[in-house]
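If you're matching positions, the sequence shown starts at 107 in our numbering and goes up one per residue.
Below you'll find the structure, written out as structure tokens, and then a few comments.
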Amino acid sequence: MSQELMTGAQAIIRSLELLGIDTIFGLPGGAILPTYDPLMDSKQIRHILVRHEQGAGHAAEGYASATGKLGVCIATSGPGATNLVTAIADAHMDSVPLLAITGQVGSKLIGTDAFQEADIVGITMPITKHSFLVTRAEDIPEVMASAYLIATTGRPGPVLVDVTKDAQVAKAPFVWPPKVDLPGYKPVTKAHGKQIQAAAQLIAESQKPVLYVGGGIIRSRASEELLKLAELINVPVVTTLMARGAFPDSHPQNLGMPGMHGTVPAVTSLQKSDLLITLGARFDDRVTGDVKSFAPGAKVIHVDIDPAEIGKIRFADVPIVGDLKDVITELIAEISSTQKKKPEFAEWWKFLNGLVERYPLGYTHEEDGKLSPQYVIKRIGELSGPEAIYAAGVGQHQMWSAQFVKYERPNSWLNSGGAGTMGYAVPAAMGAKVGQPERLVWAIDGDGCFQMTNQELATCTINNIPIKVAVINNSSLGMVRQWQTLFYDKRYSHTDLNTGTDTAMVPDFVKLADAYGCLGIRVEKEEDIDAAIKLAIETNDRPVVIDFIVSRDSMVWPMVAAGLSNDEVQYARDSAPVWDGRE
Numbered sequence: 107m108s109q110e111l112m113t114g115a116q117a118i119i120r121s122l123e124l125l126g127i128d129t130i131f132g133l134p135g136g137a138i139l140p141t142y143d144p145l146m147d148s149k150q151i152r153h154i155l156v157r158h159e160q161g162a163g164h165a166a167e168g169y170a171s172a173t174g175k176l177g178v179c180i181a182t183s184g185p186g187a188t189n190l191v192t193a194i195a196d197a198h199m200d201s202v203p204l205l206a207i208t209g210q211v212g213s214k215l216i217g218t219d220a221f222q223e224a225d226i227v228g229i230t231m232p233i234t235k236h237s238f239l240v241t242r243a244e245d246i247p248e249v250m251a252s253a254y255l256i257a258t259t260g261r262p263g264p265v266l267v268d269v270t271k272d273a274q275v276a277k278a279p280f281v282w283p284p285k286v287d288l289p290g291y292k293p294v295t296k297a298h299g300k301q302i303q304a305a306a307q308l309i310a311e312s313q314k315p316v317l318y319v320g321g322g323i324i325r326s327r328a329s330e331e332l333l334k335l336a337e338l339i340n341v342p343v344v345t346t347l348m349a350r351g352a353f354p355d356s357h358p359q360n361l362g363m364p365g366m367h368g369t370v371p372a373v374t375s376l377q378k379s380d381l382l383i384t385l386g387a388r389f390d391d392r393v394t395g396d397v398k399s400f401a402p403g404a405k406v407i408h409v410d411i412d413p414a415e416i417g418k419i420r421f422a423d424v425p426i427v428g429d430l431k432d433v434i435t436e437l438i439a440e441i442s443s444t445q446k447k448k449p450e451f452a453e454w455w456k457f458l459n460g461l462v463e464r465y466p467l468g469y470t471h472e473e474d475g476k477l478s479p480q481y482v483i484k485r486i487g488e489l490s491g492p493e494a495i496y497a498a499g500v501g502q503h504q505m506w507s508a509q510f511v512k513y514e515r516p517n518s519w520l521n522s523g524g525a526g527t528m529g530y531a532v533p534a535a536m537g538a539k540v541g542q543p544e545r546l547v548w549a550i551d552g553d554g555c556f557q558m559t560n561q562e563l564a565t566c567t568i569n570n571i572p573i574k575v576a577v578i579n580n581s582s583l584g585m586v587r588q589w590q591t592l593f594y595d596k597r598y599s600h601t602d603l604n605t606g607t608d609t610a611m612v613p614d615f616v617k618l619a620d621a622y623g624c625l626g627i628r629v630e631k632e633e634d635i636d637a638a639i640k641l642a643i644e645t646n647d648r649p650v651v652i653d654f655i656v657s658r659d660s661m662v663w664p665m666v667a668a669g670l671s672n673d674e675v676q677y678a679r680d681s682a683p684v685w686d687g688r689e
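Structure (structure tokens):
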């Protein structure tokens, strides 16, 4: 055990180095300034200066989601810290391992409404796994080690470490490795043997099972185990928005994404199933629709590392708390030893394959002469391939990206699922590119989302982070406009953005790209789409922004309107529900 006298600020940096951290995204200010001084001397840690703290948080998320490692962001007190809140909440909803380090006013000033004081520990308590307030330099090594452990084990998530300025300046012995004592924090990874047996028995007895796969599969790095299980039991697989890529889209057992904008086969398979084998999914309202009518005839096996998720929304006939990698491995062993014949589910597959043939994902060309956004996104995916990383903002372009890009591997699809955060794409793509510099990284963004965090293009240019940005520009807040079309009698209250109109472009994204030192391209004709995408892929000396002028009337289909039963999934505008819930 090493001991050396150093300041609290030096202890923060040394702790991060010993924990293996190689990248931090941040923005300095008065209360965190003592920590920025030793950071300058670190030969291990690369600090990337962002233009807004929200960008630091999303970049750390993108880094974590692309690499599977802990993402780290840093900010000063008051507004610096509160600007991180959106990204912290985002990481909390999507189980992203994130460490947010914030400076705080001196400990004697806390509670006095001092300059740039905010109770960031109190503010973030509902949206973190844990929040620490450090007022003594000697506590820093233990707090940093504890924060790392909490953020990266069990169900991953964000942890906040708020350090007062006097704790950063004071000197204390640096003790490493520290004694980490977290009473009550003991994540369960190994499942109970009897529950594994019960799950195998339910699978053996089922006639219409479905593997309902959530983002937990990706966080637990259990994609290979999932593939083995799916092929062993010959069961259809649906991958939620957060699980896209967890199971290859090219696999014949993959029915696609379930939920509000899921494929008809995926949505209907859940509704008609007699057994949901639920792996790392949380019965989110965007998947279930009206929960009382969701999969009414199905028993439920629910596997999750977070016991709070099991039974929260839907009763689990077989609840299993444990790490998916371990649980699936044990389940495979149990099924292999007790079931000698591979199940066929012939009638079930006949029904589902009929849906696949009748209701393929598609789209129509609008009559305004503008580009079809679905086609644009489809071509980005086809020309870039499955080894690329795709980060999306939130809204229509997010759903089209989930639908029309084919994902073959985990950690290739990054998006804000639970929180639905506009502005996620550009900084998340930036973080992903820093974490995976050899990969092609796209930010597929909307014209609304892009204007929330596009200042991070400056960060990308200055730090040589050549991401590609596809702005799906329909000159409006597209998803909100879709709802206004469908449910508000086409009363378009405050959803026009004037970014891609014939008369004015405010702002002009090509000029904006040029101002940020990026290559800016505008595409208005279908025959120019491929050339623009290829040019973006080939340009690696700077970021690229492509402004795709698309139809504002394009809509995301299929769709289950909020609050309705999944039996009422509509395949296209003006269509009746494709399934009425009857045989």
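Note that the Cβ used here is the ideal one computed from N, Cα and C, for glycine as well.
All values reported here derive from a predicted model rather than from experimental measurement.
Exercise. Expressed to the nearest angstrom, what Euclidean distance is found between the alpha-carbon atoms of T173 and S326?
Worked result: Residue 173 sits at position 67 when you count from the first residue of the sequence shown. Residue 326 sits at position 220 when you count from the first residue of the sequence shown. T173 and S326 have their C-alpha atoms spaced approximately 12 Å apart.
Exercise. Does the Cβ of Q502 have 16 or more other Cβ atoms within 10 Å, making it buried, or fewer, making it exposed?
Worked result: Here residue 502 corresponds to residue number 396 of the sequence shown, with the count starting at 1. With 16 or more Cβ atoms within 10 Å of its Cβ, Q502 is classed as buried.
Exercise. What separation, rounded to the nearest whole angstrom, lies between the Cα atoms of D686 and D673?
Worked result: Walking along the sequence shown from the start, residue 686 turns up at place 580. Walking along the sequence shown from the start, residue 673 turns up at place 567. Here D686 scores only 48 on pLDDT, less than 50, and its place in the model should not be relied on; the value that follows carries that caveat. Here the alpha carbon of D686 sits roughly 6 Å from the alpha carbon of D673.
Problem set entry | Reference W506; option with closest CA among G537, E436 and R485 | One-based indexing of the sequence shown puts residue 506 at position 400. Minimum Cα distance to W506 is reached at R485.
Exercise. So Q557 is in the beta strand (DSSP E); what residue range does that whole segment cover?
Worked result: Here residue 557 refers to the residue found at position 451 when the sequence shown is read from its first residue. No beta strand (DSSP E) contains Q557, which is instead part of the alpha helix (DSSP H) from D553 to T559.
For this session: Could you tell me the boundaries of the beta strand (DSSP E) in which T270 lies?
Result: As a working note, residue 270 is residue 164 in the sequence shown. Residues P264 to T270.
Exercise. Going by alpha carbons, who is nearest to S512 out of S490, T527 and H153?
Worked result: Here the question's residue 512 lines up with position 406 in the sequence shown. In the sequence as presented, Ser is not what sits at residue 512; that position holds Lys. The shortest Cα separation from K512 among S490, T527 and H153 belongs to S490.
Problem set entry | Terminal residues of the alpha helix (DSSP H) in which A610 lies | Looking up residue 610 in the sequence shown gives position 504. Per DSSP, A610 belongs to no alpha helix (DSSP H) and is neither H nor E.
Problem set entry | Proximal residues to A525 (C-beta, below 6 Å), its chain only, five neighbours per side dropped | Taking the first residue of the sequence shown as position 1, residue 525 is located at position 419. Result list for A525: A195, D196 and M199, in chain order.
For this session: Rounded to whole angstroms, what's the CA-CA distance from L122 to L335? Just pull it up for me.
Result: Taking the sequence shown and counting its residues from 1, one reaches residue 122 at position 16. Taking the sequence shown and counting its residues from 1, one reaches residue 335 at position 229. If you take the alpha carbons of L122 and L335, they lie about 38 Å apart.
Exercise. Can the beta-carbon of A187 be found less than 9 Å from the beta-carbon of I226?
Worked result: On the sequence shown, position 81 is the one that residue 187 refers to. On the sequence shown, position 120 is the one that residue 226 refers to. Contact: yes.
Problem set entry | Residue environment, Y594, which counts as buried when at least 16 other CB atoms sit within 10 Å | As a working mapping, residue 594 is identified with position 488 in the sequence shown. Under the 10 Å beta carbon count, Y594 is surrounded by fewer than 16 other beta carbons and is classified as exposed.
Exercise. When DSSP labels each residue in this structure, what does P279 get in the three-state scheme?
Worked result: To locate residue 279, count along the sequence shown from 1; it is residue 173. Strand at P279.
For this session: Could you name the residues of the same chain whose beta carbon sits closer than 6 Å to that of R350, not counting the 5 residues immediately before and after it, in chain order?
Result: Start at 1 with the first residue of the sequence shown, and residue 350 comes out as number 244. Counting only Cβ-Cβ distances below 6 Å, and skipping sequence neighbours, we find A508, Y513 and W519.
Problem set entry | Residue ranges of each beta strand (DSSP E) within the stretch 338-418, 3 or longer | 343-345, 360-362, 381-385 and 405-410
Exercise. What residues in its chain sit with their C-beta under 6 Å from that of R688, if we drop five residues either side in the sequence?
Worked result: Position 582 of the sequence shown holds residue 688. Residue confidence for R688 is low, a pLDDT of 44 falling below 50, so the modelled location carries little weight and cannot support an answer.
Problem set entry | DSSP three-state assignment for W663, whether helix, strand or coil | The sequence position of residue 663 within the sequence shown is 557, counting from 1. In the structure shown, W663 sits in coil (DSSP, three-state: anything other than H, G, I, E or B).
Exercise. Can you tell me whether DSSP reads I571 as helix, strand or coil?
Worked result: For this step, residue 571 is matched to residue 465 along the sequence shown. Reduced to three states, the DSSP call for I571 is coil.
Problem set entry | Residues near D636 by beta carbon distance below 8 Å, same chain, minus five either side | Counting from one through the sequence shown, the residue named residue 636 turns up at place 530. Scanning its chain for C-beta atoms nearer than 8 Å, with the 5 sequence neighbours on each side dropped, one finds around D636 the residues R485 and L489, in chain order.
Exercise. How about N360 and T345: do their beta carbons lie closer than 9 Å?
Worked result: What you label residue 360 is simply residue 254 of the sequence shown in a count that begins at 1. What you label residue 345 is simply residue 239 of the sequence shown in a count that begins at 1. Cβ distance < 9 Å, so N360 and T345 count as in contact.
Exercise. DSSP on Q109, reduced to helix/strand/coil?
Worked result: Mapped onto the sequence shown, residue 109 falls at position 3. The answer is strand: DSSP assigns Q109 an E or B state.
For this session: Can you tell me which of the three DSSP states R688 falls into?
Result: Counting from one through the sequence shown, the residue named residue 688 turns up at place 582. Any reading at R688 must be qualified, since the residue scores a pLDDT of 44, below 50, and its modelled position is unreliable; the value itself is stated next. Look at R688 here: in three-state DSSP terms it is coil, with no helix or strand label.
Exercise. Rounded to a whole number of angstroms, what is the C-alpha to C-alpha distance between L618 and E159?
Worked result: Numbered from its first residue, the sequence shown carries residue 618 at position 512. Numbered from its first residue, the sequence shown carries residue 159 at position 53. Each residue's Cα considered, the two are about 21 Å apart.
Exercise. Excluding sequence positions up to five away, which residues of its chain have a Cβ less than 6 Å from the Cβ of V612?
Worked result: Taking the first residue of the sequence shown as 1, we reach residue 612 at position 506. If we look at V612 and ignore the five residues flanking it on each side, its Cβ neighbours are N604.
For this session: May I ask which residues mark the beginning and end of the beta strand (DSSP E) holding Y496?
Result: Here residue 496 corresponds to residue number 390 of the sequence shown, with the count starting at 1. Start and end: I495 to A498.
Exercise. Which one of R261, L111 and V275 has the shortest CA to CA distance from I138?
Worked result: What you label residue 138 is simply residue 32 of the sequence shown in a count that begins at 1. Answer by Cα proximity: V275.
Problem set entry | Option in G523, V575 and A576 with minimal Cα separation from G320 | One-based indexing of the sequence shown puts residue 320 at position 214. Answer by Cα proximity: G523.
Exercise. Between the stretch 422-442 and the stretch 287-300, are three or more C-beta pairs nearer than 8 Å?
Worked result: yes
For this session: Please list, in chain order, all residues of the same chain as K539 whose beta carbon is under 6 Å from its beta carbon, the five residues on each side excluded.
Result: Position 433 of the sequence shown, counted from the start, is the residue given in the question as residue 539. V547, I571 and I573.
For this session: Since I believe A257 is in contact with K235 (beta carbons under 8 Å), could you give me their beta-carbon distance rounded to a whole number of angstroms?
Result: For the purposes of this step, residue 235 is identified with residue 129 of the sequence shown, where counting begins at 1. For the purposes of this step, residue 257 is identified with residue 151 of the sequence shown, where counting begins at 1. Contact flag correct, Cβ pair sits at about 7 Å.
Exercise. Does DSSP put L190 in a helix, a strand or coil?
Worked result: On the sequence shown, position 84 is the one that residue 190 refers to. It is coil, neither helix nor strand.
Exercise. Any idea which residues DSSP pairs A733 with across the strands?
Worked result: Since the first residue of the chain shown is 107 and the last is 689, residue 733 is not available in this structure.
For this session: Would you identify the three-state DSSP class for L625, choosing helix, strand or coil?
Result: Counting from 1 along the sequence shown, the entry for residue 625 is found at position 519. The answer is strand: DSSP assigns L625 an E or B state.
Problem set entry | Supposed contact pair A304 and V427 - C-beta distance, whole angstroms, cut 8 Å | To locate residue 427, count along the sequence shown from 1; it is residue 321. To locate residue 304, count along the sequence shown from 1; it is residue 198. That belief does not hold up - the Cβ atoms of V427 and A304 are roughly 13 Å apart, past 8 Å.
For this session: Just list the beta strand (DSSP E) runs in the stretch 454-530, keeping only unbroken ones of 3 residues or longer that don't cross its boundaries, in chain order.
Result: Taking only runs of at least 3 residues, the beta strand (DSSP E) segments lying wholly in the stretch 454-530 are 495-498.
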